[in-house]
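Numbering (our numbering), first residue to last: 115 to 437. Beta carbons: idealized from backbone N, C-alpha and C, even for Gly. Only a predicted model underlies this, so the values are computations on that prediction, with no experimental measurement involved.
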């Protein structure tokens, strides 16, 4: 035990002697000092300038104080850039001078040979409210469709930063949303993408609303076929008088669809007396997709023409009558 106590006493004595020597020994070395800007007028900003967080400075002081700075981050000074009286304009080079270095408890400080000139750009700080655009990529799965247009909330955000980054800047975009992975839709939180890291967005995220429904197909039979004839023209007969229409749409809405929402017409116009084979035209709600109409052509008899035993049709797109 006596030897252990002696060893501890010797160690403590050595530490005390080392501290005394370090406190009185003067060394010169390069250290990193924090950079701070002051004196900037209200309404101005230096965002976007090439300014490091720390600057190398050549200092001279006690070895102990510099060790405390190196290993315990003890404050020994800072580099203070005073921009008082400077106005907005083009970027300029600011050479760091010894007068910009403020020290605490050091014997001397000078600009290090490692220190590079600073590139500073003073600009007006601008704030604008800009619209948000929802960015969608790819397509919904084939069995899905939008019940209504997707939306984003909020539809605009406040953007603040140097004025030079606002031209041109018509809108703020969301991060792309992959519709192929949208599934059943719902609300999805998205980050907002600033075109420059020096622009601040408030808020910096948005909520995309994707009203998505399941898609189905349905065939509605016995839809009456209506012939469209100019006034004063002979009576027109159509065969067959009804058609079957196949459409695709959102399942919930498609199941309640009635035949009166569909209209099948044939454009006869002022065609002379004769027999024709003409296509039908289907009017349907905008949320539907027309897949098929059966039959695709109809036998149209204008007036009371003589009907041949065999009827051969010509090109239906030209509207020619049968011989």
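**Cβ-based neighbour list, residue 320, same chain, cut-off 7 Å, excluding 5 preceding and 5 following** = To locate residue 320, count along the chain shown from 1; it is residue 206. Cβ neighbours of residue 320 beyond the five flanking positions: 246, 266, 267, 268, 288, 304, 306.
**Message:** So, with DSSP's three-state summary, where would you put residue 440?
**Reply:** A query on residue 440 cannot be resolved here, the shown segment of the chain reaching from 115 to 437 and no further.
**Prompt:** Within 10 angstroms of its Cβ, does residue 214 collect 16 or more other Cβ (buried), or is it exposed?
**Reply:** What you label residue 214 is simply residue 100 of the chain shown in a count that begins at 1. Residue 214 comes out buried.
**Request:** Drop a sphere of 10 angstroms on the beta-carbon of residue 387, count the other beta-carbons inside from all chains shown, and report buried for 16 or more, exposed for fewer.
**Result:** For the purposes of this step, residue 387 is taken as the residue at position 273 of the chain shown. Exposed: under 16 other Cβ atoms inside 10 Å.
**Message:** For residue 413 and residue 399, I'd like the C-alpha separation in whole angstroms.
**Reply:** As a working mapping, residue 413 is identified with position 299 in the chain shown. As a working mapping, residue 399 is identified with position 285 in the chain shown. The straight-line gap from Cα to Cα measures roughly 26 Å.
**Request:** Could you name each continuous beta strand (DSSP E) segment of 3 residues or more that falls completely within the region 244-291, going from the start of the chain to the end?
**Result:** 258-260, 265-267, 270-276, 286-288
**Message:** Suppose contacts are defined by Cβ-Cβ distances below 9 Å. Is residue 199 in contact with residue 153 by that definition?
**Reply:** Mapped onto the chain shown, residue 199 falls at position 85. Mapped onto the chain shown, residue 153 falls at position 39. Yes, the Cβ-Cβ distance between residue 199 and residue 153 is below 9 Å.
**Message:** How far does the beta strand (DSSP E) with residue 174 in it extend, from its first residue to its last?
**Reply:** Here residue 174 is taken as the residue at index 60 of the chain shown, counted from 1. Start and end: 168-176.
**Request:** Measure how close the beta-carbons of residue 301 and residue 323 come, nearest whole angstrom, since I'm counting them as under 8 Å.
**Result:** By 1-based counting over the chain shown, the position of residue 301 is 187. By 1-based counting over the chain shown, the position of residue 323 is 209. Right, the Cβ-Cβ distance comes to about 6 Å (below 8 Å), so this counts as a contact.
**Item:** Own chain partners of residue 145 with C-beta closer than 8 Å, once the 5 adjacent residues on each side are dropped
**Value:** Mapped onto the chain shown, residue 145 falls at position 31. Cβ neighbours of residue 145 beyond the five flanking positions: 170, 171, 173, 180, 183, 184, 190.
**Prompt:** If we ignore side chains and look at the alpha-carbon of each, how far apart do residue 334 and residue 383 end up?
**Reply:** Within the chain shown, residue 334 is the residue found at index 220, counting from 1. Within the chain shown, residue 383 is the residue found at index 269, counting from 1. Their backbone Cα atoms lie some 27 Å apart in a straight line.
**Prompt:** Along the chain, where does the alpha helix (DSSP H) that runs through residue 368 open and close?
**Reply:** What you label residue 368 is simply residue 254 of the chain shown in a count that begins at 1. That run of the alpha helix (DSSP H) goes 365-369.
**Item:** Which of helix, strand or coil DSSP assigns to residue 212
**Value:** For the purposes of this step, residue 212 is taken as residue 98 along the chain shown, with counting starting at 1. The answer is helix: DSSP assigns residue 212 an H, G or I state.
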